[in-house]
Amino acid sequence: MAGEFDFIESLRQRAQNRPGVICGIGDDAALLQFDAGDHCVVSTDTLVAGVHFPLDTAPADIGYKTAAVNLSDLAAMGAQARFCTLALTLPSLDAGYAAALIDGLLELLDSHAVALVGGDTTRGPLSLTLTAIGSLPAGTALTRAGARAGDGVYVSGSLGDAAAGLTLRGAEHAGAEGEHKLARKRLLQRLARPSPRLALGMALRGIAHSCIDVSDGLGADLGHICRASGLAAVLESASLPASRALTTWINDPQQLLALQLAGDDYELCFTVPPEREPALAQIASATHTPITRIGIMAPGEGVHYLDDAGELMAAPARGYEHFR
Ligand code: ADP
Ligand code: MG
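Here the numbering used here is used: the first residue of the sequence shown is 54, the next is one more, and so on.
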């Protein structure tokens, strides 16, 4: 690929040196050091143009989101994000486009002190595969399997902004004014640049029994905790957190709930035993992350929803699944 060496050299110069990187970009493989007694936590995610983001997405946003969704998986394990590698497939090495992708990617990585330590660059339809590598003290990882009946179910931040942003992208909403204009901008931002909840994930070690990040949709993702833990979850649908930006655009409760369950928010959903629930207020303020109790784990299976009157309601539409 023409210019590949220049491109890799520019990556090498821009990649920050970080503790634990013995050898980064430039050799046959990266060489990384971990503290004694730590476990290494590894996660890979691919974003394909036209599938995971619209083709006209700004390249810096594509790079940013690729990093964000990967670090979100480390957050859900309670890991500290440390390093990553990037397998980049590009139709051509258009200098401006590739540089903007890397700008967005490094903006998020730098804000969490994560080092880009290697990767691969190939020609083909645009796709980005990031492998994120983190660490945590052995035995402290948060998994999907540890929930117990009676645990409170919690979610960070708010739900539905990204899905609303997707529906508001179109030109028919671009003329919105005043409060709606600001809210639309905020929702588009949440779609393009999600915030991985790394500080919260680390703070939940020793507190949460189980944890997952909300990518496919709350029902689908909490469903994984239910299956892995052999339990049901009962959610109060009216307690699901919604941002001011979202409620500025959406009033209808059914429409609101559908968006809140649609996914792509990259918030953390986790379960906490009653005796540890009082610790959460301090964790929320220390990590500057809103936390909302949305339900409880119970014997049984599947995710169930209660309406305002506390009655069981029909399961709302499912989250996004590939190949459905
Ligand atoms: P090799 O033939 O050994 O795979 P490459 O030319 O693919 O070597 O890569 C040279 C160096 O550049 C390696 O250290 C590799 O990790 C790094 N590298 C290549 N592409 C990327 C990329 N997209 N992001 C980060 N590092 C990259
Ligand atoms: Mg290679």
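Positions of the beta carbon are idealized from the N, C-alpha and C atoms, including for glycine.
In this text the structure is predicted, and so the values were computed from the model without any measurement.
Residue i (DSSP reduced to helix, strand or coil)
i	result
L314	coil
P294	coil
L195	coil
L359	strand
T324	strand
S282	helix
H375	Confidence at H375 is low in this model, with a pLDDT of 49, below 50, so the placement of that residue is unreliable and no value is reported for it.
L365	strand
S188	strand
G276	helix
H341	coil
P249	coil
G231	helix
R201	coil
G254	helix
L225	Correcting the residue type first, residue 225 is Glu in the shown sequence and not Leu. Of the three classes helix, strand and coil, the one that applies to E225 here is helix, per DSSP.
E330	helix
Distance between beta carbons of residue j and residue i, contact taken as under 8 Å
i	j	result
T97	T184	5 Å
G73	Q86	5 Å
G172	A140	6 Å
H233	W302	7 Å
R201	P326	6 Å
D214	S268	With a Cβ gap of about 14 Å, D214 and S268 do not count as contacting.
G254	L195	7 Å
R243	G218	6 Å
Proximity test, residue i beta-carbon vs the ligand ADP heavy atom, cut-off 7 Å
i	result
L139	yes
L64	yes
G56	no
I115	no
T378	Limits of the chain in this structure are 54 at one end and 377 at the other, which puts residue 378 out of reach.
L161	no
I75	no
L310	no
L221	no
G231	no
G171	yes
I347	no
G79	yes
I186	no
I336	no
I344	no
I61	yes
N- and C-terminal bounds of the beta strand (DSSP E) containing residue i
i	result
E289	285–289
A351	344–351
S1	No information on residue 1 is available, as it lies outside the stretch 54 to 377 that the chain covers here.
Range of the contiguous alpha helix (DSSP H) that encloses residue i
i	result
T300	297–302
G56	Note, G56: premise wrong, no alpha helix (DSSP H); not H, not E.
G259	That residue, G259, is in no alpha helix (DSSP H); it is neither H nor E in DSSP.
S263	Note, S263: premise wrong, no alpha helix (DSSP H); beta strand (DSSP E) at 263–266.
D214	214–220
Inside the segment 113–185 only - alpha helix (DSSP H) runs reaching at least 4 residues = 148–164
What residue ranges within the segment 59–110 form continuous beta strand (DSSP E) runs of no fewer than 3 residues, ordered along the chain?
-> 74–76, 91–101
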